[in-house]
Amino acid sequence: MLPATKQRARLGDLLVASGTITEEQRARALEVQQRGNQEKLLGEILVDLGYASQEQVLSAVAEACGVPFVRLTPELVDPEARGALSETFCQKHGVLPLFRIRDVLTVAVPEPANVFLVDEIAQSAGINVQIVAATADNIYQMLEQTQPGGQGAGAADDLGLDLQAPEALRRTEEYEALYGNWPPEKVADLLLHEAVRSGAEAIHLEPDEKVLRVRFRIDGVLHVVMRPPARLASGLTAALADMVGASGQAGAPDVRSSARVVVQGQAVQMHLASLEGAYGPRTVARIVREDQAAPPLEKLGCEFNLLDRFRLMAGGLRGLVLVAGPRASGVTTTLYSVLKDLDPVRLNLCTFEACIGFHLPGVNQFSPATCGVTDRAAAIGRLLLHEPDVLALDGILDERVGRLAVEAAMDDRLVFAQVRALDAADAVARFGAWVGRDALAPVLRGVLAQRLVRTICPACKAPYEAPAPVRRRIQETLGSADGLSKGRGCAACRHTGFRGRIGLFELLLLEPPLADLVRQGADADRLRAAARDAGLPSLWVDGINKVRAGITPLDEVLEALEGCPGRPAALDPAPDRAQA
């Protein structure tokens with residue numbers, strides 16, 4: 199322990215300065231200590247007199263020693279780190295190993311000023327030690343709850359974040375009470391574990407003046423999961439940057455870094471982008487899981503006949519196929535699934551992507567970053583010298599790249615190209631304006647347009663009786679309003695009623711009549727009408743079929759296809775229906 203006189207003076211000053219006790223209470227405690235000729239420390243006497251709690255006193259002692267004070271919960275204890283010290287040692291000294299970061303073990307102790315205890319912990323663990331302060335009662339409680347094989351032993355990989363928790367539970371004060379002064383590396387590690395566990399596609403760190411808003415994007419929707427102090431923004435960004443090997447870069451404008459990391463035994467590709475804002479770095483860590491990066495084509499949500507026709511078209515291994523959709527419509531996943539469906543041994547499969555989303559075995563993947571160039575067209579010209587049999591262009595299409603894609607398709611290659619477009623007909627019209635209708639018509643084999651909608655949670659799926667106005671609209675569109683489903687909300691879906699996403703698809707095959715229209719320079723409306731006359735269903739038809747099958751609710755389809763041409767008139771909210 200520190201000498202009593204040194205601790206007594208500092209402790210009293212800190213407690214008075216923080217408003218925990220008054221000057222009169224400090225004087226009374228010192229009087230009791232001197233009059234009784236006791237060996238007790240000032241903090242113990244303040245607790246005995248009821249002037250301060252054990253937590254308040256220890257927090258002040260910890261501050262005096264320059265050590266963080268923590269209120270322990272089972273979520274703070276990593277089971278692997280827990281075994282760094284024997285159970286006998288922990289019980290004897292009242293200490294608890296919490297977690298290990300690289301070669302430093304963090305241990306909770308009840309006496310942060312006891313340097314001899316710290317040395318003994320380091321010798322017993324055989325590793326460098328960093329301490330945090332916690333009350334003895336709190337430590338022994340956690341020793342019991344986190345015993346190896348006990349109920350609390352498996353909680354280290356769970357932050358305990360409740361995505362549907364009341365707003366008050368996400369405030370800064372709650373964070374401080376739960377996690378104290380955790381190092382940013384530990385918070386970042388547990389955030390990543392929780393994001394993977396909950397199926398999040400991205401972690402968003404958004405600093406404000408006082409609070410850092412932490413959000414997960416799950417099934418395309420953002421959820422607030424934590425509101426720690428704003429001071430954590432830079433530290434968390436640096437910790438995430440360190441995970442992807444970009445230390446010192448993450449705070450720079452528009453920095454993008456990627457790396458493959460293993461979380462809870464699962465391989466994930468993490469893409470980090472950071473941009474300095476008014477209150478610190480605004481950071482997005484996008485997460486691509488290996489088991490979701492390139493699912494089998496059958497799992498994308500394509501109707502069987504459409505999938506057969508698409509596979510037949512792609513199996514020709516020559517020509518141009520456009521994959522159309524706006525941002526976050528699942529186009530990259532579709533391209534990866536198509537490539538995974540092809541033979542990487544017999545074929546030279548290549549991609550050129552704005553950012554490599556995930557590393558596909560057997561596929562040669564390139565991006566402006568890997569090639570060290572800003573001129574995408576020049577890089578693709580060099581890539582064509584490597585004689586790819588199949589080339590996928592993802593997120594890099596412009597007029598020059600479009601012309602190269604057509605030239606590559608003319609050379610008996612199969613080229614997939616992503617186009618930002620409303621639907622299949624709109625994609626043909628946009629691409630034709632870039633490359634010229636005469637050049638496009640001979641090589642274009644077809645267009646796959648798509649969107650993503652959330653699927654109803656199977657665990658809480660239940661029949662749904664729509665309100666009368668909505669029921670009338672559904673009947674006019676579907677022919678029947680029976681069999682509709684909706685998710686009630688449960689723990690499995692975080693009380694949202696949704697779990698996972700599925701695609702809505704439209705396939706436009708460029709058979710002779712449609713190819714003639716492309717050659718004639720027909721606009722999107724004429725192409726769309728010709729596709730319907732040819733019996734090719736639209737995105738709206740696929741969406742309505744999925745509503746009828748109980749896969750997704752109607753409002754999801756309406757939101758996903760907002761602004762998409764071909765909306766059935768019955769789905770337009772007429773004034774008389776709105777008043778009904």
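In my numbering, the protein residues as written are 199 to 778. Cβ atoms here follow ideal geometry from the backbone N, Cα and C, with glycine treated the same way.
Cutoff 7 Å; reference residue i; Cβ partners in own chain excluding five residues on either side
i, result
"V461", "L390, H391 and V394"
"V265", "P310, I329, V330 and A331"
"I299", "P381, E383 and K384"
"D317", "none"
"P640", "none"
"R411", "E404, V422 and R425"
"A334", "G292 and P308"
Reference residue i; option with closest CA among the options
i, options, result
"E551", "G433, Y534 and L540", "Y534"
"A483", "S455, G523, S216 and K497", "S455"
"E213", "E229, Q252 and V307", "Note on residue identity: the sequence assigns Leu, not Glu, to residue 213. It is Q252."
"L612", "L589, H402 and D417", "L589"
"A577", "A631, D587, L595 and G560", "L595"
"P751", "E663, V307, G634 and A722", "E663"
"A306", "V245, E709, V268 and A444", "V268"
"D753", "A727, A250 and L650", "L650"
"G644", "N312, I219, V521 and V293", "V521"
"R782", "A637, D592 and R598", "Lying outside 199 to 778, the shown extent of the chain, residue 782 is not represented and no answer is given."
"S216", "E261, V245, A225 and L239", "E261"
"P524", "Q345, L244, Y249 and L702", "L702"
"I243", "Q254, A227 and V255", "A227"
"H557", "Q648, A491 and Q673", "A491"
"L518", "A727, L638, I319 and N312", "L638"
"V419", "R509, Q648 and E399", "E399"
"K254", "I219, A729 and A631", "The amino acid at residue 254 is misidentified as Lys; the sequence shows Gln. For Q254, the nearest C-alpha among the options comes from I219."
Which residues DSSP lists as bridging residue i, in chain order
i, result
"I325", "Note: I325 sits in no beta bridge, so no partner."
"T549", "Q563 and A590"
"P656", "None, per the DSSP bridge assignment."
"F614", "V519 and A590"
"Q467", "R458 and V486"
"F401", "One point to set straight first is that residue 401 is Ile, not Phe, in the sequence displayed. Paired residue(s): F414 and A483."
"E704", "A647"
"I749", "DSSP lists no partner for I749."
"H421", "F414"
"I299", "V302"
"P661", "S683"
"L473", "R480"
"A331", "F267 and V307"
"L537", "DSSP lists no partner for L537."
"F696", "I654"
Interface flag, residue i vs chain E, CB-CB below 8 Å
i, result
"I219", "Looking for chain E here will not work: only one protein chain is present."
Where residue i falls, given that 16 or more other Cβ within 10 Å makes a residue buried
i, result
"R697", "buried"
"L736", "The sequence given here has Ser at residue 736, not Leu. It counts as buried."
"E757", "exposed"
"D211", "exposed"
"G324", "exposed"
"L583", "exposed"
"F314", "exposed"
"D417", "buried"
"G281", "exposed"
"P656", "exposed"
"D145", "The structure shown does not extend to residue 145, since the chain spans only 199 to 778, so no value can be given for it."
"D827", "Outside the shown range of the chain (199 to 778) lies residue 827, about which nothing can therefore be said."
"N336", "buried"
"S257", "buried"
"D731", "exposed"
"E365", "Because E365 carries a pLDDT of 41, less than 50, the predicted location of this residue cannot be relied on, and the following value inherits that uncertainty. Result: exposed."
"D723", "exposed"
"G867", "The shown model of the chain, from 199 to 778, leaves out residue 867, and the question about it has no answer."
Residues near residue i by beta carbon distance below 8 Å, same chain, minus five either side
i, result
"Q321", "none"
"C548", "V561, N562, Q563, F564, L581, H584, P586, V588, L589 and A590"
"A660", "S683, K684, G685 and R686"
"Q464", "V394, R487, E488 and D489"
"C658", "G685, R686, G687, C688, A690, C691 and G695"
"P479", "L403, P405, A431, S432, T435, A448, G449, S472 and L473"
Cβ shell of residue i (< 6 Å), same chain only, five flanking positions each side left out
i, result
"K408", "A428"
"A778", "For A778, the predicted structure reports a pLDDT of 35, less than 50, and the residue's modelled location is therefore unreliable. The matter cannot be settled from this model."
"I749", "T653"
### the stretch 570-579 in contact with the stretch 497-505 per 3-pair CB rule at 8 Å
no
### Query
If you pair each beta-carbon of the stretch 429-443 with each one of the stretch 513-527, do three or more pairs fall below 8 Å?
no
#### Entry: Cβ contact check for the stretch 715-730 and the stretch 683-691: 3 or more pairs under 8 Å
no
#### Entry: At least 3 beta-carbon pairs within less than 8 Å: the stretch 751-763 vs the stretch 620-635
yes
### Message
Using 8 Å as the cut-off, can you tell me whether the stretch 736-745 makes contact with the stretch 526-546, which would need three or more C-beta pairs spanning the two stretches below that distance?
### Response
no
### Task
Please confirm if the stretch 603-620 is in contact with the stretch 485-497, defined as three or more CB-CB distances below 8 Å between the two stretches.
no
### Task
Could you tell me whether the stretch 272-292 touches the stretch 220-233, using the rule of 3 or more Cβ pairs below 8 Å?
no
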